[in-house]
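365 is the number that full-length UniProt numbering gives to position 365 of the sequence shown; each next residue is one higher, with no gaps. Here a beta-carbon is modelled for each residue, glycine too, at the ideal position from N, C-alpha and C. Bear in mind that the values here come from a model prediction, so they are computed numbers and not experimental data. Right, one structure below, let's go through it.
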Amino acid sequence: MPESPTRTVDEHLAEILELVSPPPAATLPLAACLGLTLRADLTARLPAPPFTNSSMDGFAVRAADVAGASAGRPVELPVADDQPAGPRGASVLAPGTAIRIMTGAPLPEGADAVVPVELTDQPRGSVPLPPAVRVLEPVVVGASVRHRGEGVAVGAPVMPAGTRLGAAALAAAAAVGYGELPVARRPRLAVVSTGDELAAPGEALGGGTIPDSNLTMLVALATEWGADVPVAERVGDDPGTLRAVLARAAEAADLVVTCGGISAGAYEVVRQALESPRVRFVQVAMQPGKPQGLGTLAASHGDVPVLALPGNPVSSFVGFRVLVRPALAVLAGRDPHAETATVPVRAAEAWRSPAGRRQYAPVRLEPPERPGEPFLARPTHRLGSASHLVGSLHLAHALAVVPAEVTQVEAGQAMAAIPLPPWSPELPVQVAPHPR
Ligand code: AMP
Ligand code: MG
């Protein structure tokens, strides 16, 4: 079989991105929106806060009535009413009186300030309504008052389309009147690992078999990213069986990823099952991860893109990060290029990189000697980016990106690195992502 000419990572990624398209917006309840991308600009339907209310437990007053108060000469006001938080609505304050008020309760009409309970002669806590309160300090107009709409006015922009909905964004949407949001549905990624040598994790190994670490890894990478994984299967080296599994996978998914069975051996099951005008197998100028496949599978809901990753675990890991995640991003209505945003680093030591291929080297990041300088990248394993080193991959904070033309990385050399989650907890300082 003749080897196809090598393409750059960027050329390959561009072709992958042509295979995927963003989904139509769906409307989902807030509780189902975590991690999804907002598909429309949100403006406030309600002001936040929705009514003027107290920010303290205390007594609603007119500031003018307590202007002369001091600890030595307290101002005594009769307590005319009680204003708890809740649906009761605001009471009315007569001049020269006070109304006991709780945090979040509507400010009584006629009141313009709240005296916190700590600035009165009254005890804190659950006590009966006193007949009168002695105010020990003056308060200014507006003290301890949160005005309607002071956080967000009705109709004000709250967040733009494209926002990834985290916990705080969901809270903001709820606060300004939304119970459901237009979002891009969570992408569904099917994962199929291949190879007669694979055993289930934890299963006793026969001669020549190895644990299938990729299936677990790819499912976890997809889940960690925020995709659903409706199909996760391990298949041996029989093309007919694989075709049947892939047909089912395509029915259930927006994107299918396989691993293994695509290089130059005699038993390359993914190649045997899929090579056709629809699915091509190519050489990409990257290390690890040179053999790659891409194309589409037919399904009743239309053509489903398929990406075939090589079987070596580090190759699969890098392929997911550099090629699959951008495709998922498009499916999720997000910027695919943000998936491979980099931070600047410097090499902590020298290492080799293959000629003519962009290297993605798993590295640990060490704090720089002087604050403010780039972090120092050190290969996680003395064998560098060798593609079988799955047992130390979890130590990596980042993938150092070594340009294709570099064959020797020197200690101190500046380069870019793709941060891996979760990488920051172990680092004393977090590196800000590079603006793109
Ligand atoms: P392949 O791409 O199928 O030629 O496999 C390349 C190398 O990766 C071989 O050493 C395989 O045993 C190994 N490998 C393939 N698939 C997996 C997998 N799912 N988990 C762990 N190692 C794998
Ligand atoms: Mg194989």
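Beta strand (DSSP E) segment containing residue i, residue limits
i: Met159; result: Pro157 to Met159
i: Val279; result: Val279 to Val284
i: Gly293; result: Pro291 to Ala299
i: Pro116; result: Ala113 to Pro116
Residue(s) in a DSSP beta bridge with residue i
i: Arg234; result: Ser193
i: Ser54; result: Val145
i: Arg134; result: Glu76
i: Thr258; result: Val192 and Ala308
i: Pro379; result: Val363
i: Gln83; result: Ile101
i: Arg7; result: Val284
i: Gln122; result: DSSP lists no partner for Gln122.
i: Ala199; result: Pro211
Assigned secondary structure, residue i (DSSP; H/G/I helix, E/B strand, else coil)
i: Met415; result: strand
i: Arg62; result: coil
i: Ala361; result: strand
i: Leu28; result: strand
i: His397; result: coil
i: Ile16; result: helix
i: Glu366; result: strand
i: Glu339; result: helix
i: Arg248; result: helix
i: Pro23; result: coil
i: Arg243; result: helix
i: Thr209; result: coil
i: Leu170; result: helix
i: Val176; result: coil
i: Pro344; result: strand
i: Ala222; result: helix
i: Arg436; result: Caution is warranted here: a pLDDT of 42 is assigned to Arg436, below 50, making its placement in the model unreliable, and no coordinate value can be reported.
i: Pro182; result: strand
i: Gly302; result: strand
i: Thr216; result: helix
i: Val92; result: strand
i: Leu38; result: strand
i: Leu46; result: coil
i: Val402; result: strand
Closest Cα partner of residue i within the set the options
i: Gly356; options: Met286, Leu323 and Val330; result: Met286
i: Thr43; options: Ala69, Ala169 and Ala14; result: Ala169
i: Ala94; options: Val61, Thr6, Ala266 and Pro211; result: Val61
i: Gly151; options: Glu18, Pro49 and Ala105; result: Pro49
i: Ile262; options: Asp81, Glu224 and Ser316; result: Ser316
i: Arg45; options: Ala174, Arg186 and Arg100; result: Ala174
i: Ser213; options: Pro326, Thr6, Asp228 and Glu233; result: Glu233
i: Gln413; options: Glu373, Leu393, Ser392 and Pro421; result: Glu373
i: Ala348; options: Glu410, Val117, Cys33 and Val406; result: Glu410
i: Arg370; options: Ala338, Arg346 and Glu109; result: Arg346
i: Arg28; options: Pro291, Arg185, Ser126 and Val219; result: It should be noted that the sequence gives Leu, not Arg, for residue 28. Of the candidates Pro291, Arg185, Ser126 and Val219, the one whose C-alpha sits nearest the C-alpha of Leu28 is Arg185.
Separation of residue j from residue i, as counted between CA atoms
i: Leu328; j: Pro22; result: 9 Å
i: Leu30; j: Gly149; result: 22 Å
i: Pro310; j: Gly35; result: 29 Å
i: residue 438; j: Pro419; result: Shown here, the chain extends from 1 to 436; a query on residue 438 therefore has no answer.
i: Val20; j: Met217; result: 23 Å
i: residue 476; j: Val235; result: Outside the shown range of the chain (1 to 436) lies residue 476, about which nothing can therefore be said.
i: Val390; j: Gln359; result: 17 Å
i: Leu294; j: Ala398; result: 26 Å
i: Met159; j: Ala332; result: 17 Å
i: Ala299; j: Leu376; result: 47 Å
i: Leu383; j: Glu366; result: 19 Å
i: Leu13; j: His388; result: 23 Å
i: residue 451; j: Ala199; result: Here the chain covers residues 1 to 436 and nothing more, so residue 451 does not appear.
i: Ser70; j: Thr120; result: 10 Å
i: Ala253; j: Arg164; result: 22 Å
i: Ser113; j: Val176; result: In the sequence as displayed, the identity of residue 113 is Ala instead of Ser. For Ala113 and Val176, the distance between alpha carbons rounds to 25 Å.
i: His147; j: Leu77; result: 24 Å
i: Pro24; j: Leu38; result: 12 Å
i: Gly202; j: Cys259; result: 20 Å
i: Leu323; j: Gly206; result: 33 Å
i: Pro425; j: Ala161; result: Residue confidence for Pro425 is low, a pLDDT of 43 falling below 50, so the modelled location carries little weight; the figure read from the coordinates is stated next. Rounded to whole angstroms, Pro425 to Ala161 spans 30 Å at the Cα level.
i: Asn53; j: Pro157; result: 23 Å
i: Val330; j: Ala250; result: 18 Å
i: Arg248; j: Pro239; result: 14 Å
i: Leu255; j: Thr380; result: 31 Å
Where the alpha helix (DSSP H) through residue i begins and ends
i: Leu328; result: Arg325 to Leu331
i: Arg271; result: Val269 to Leu274
i: Val152; result: Run containing Val152: none; DSSP gives neither H nor E here.
i: Val319; result: According to the sequence displayed, residue 319 carries Gly and not Val. Pro313 to Gly319 is the span of the alpha helix (DSSP H), which, as asked, contains Gly319.
9 Å Cβ cutoff, residue i in contact with chain D
i: Gly68; result: Among the chains in the structure shown there is no chain D, since it carries only a single protein chain.
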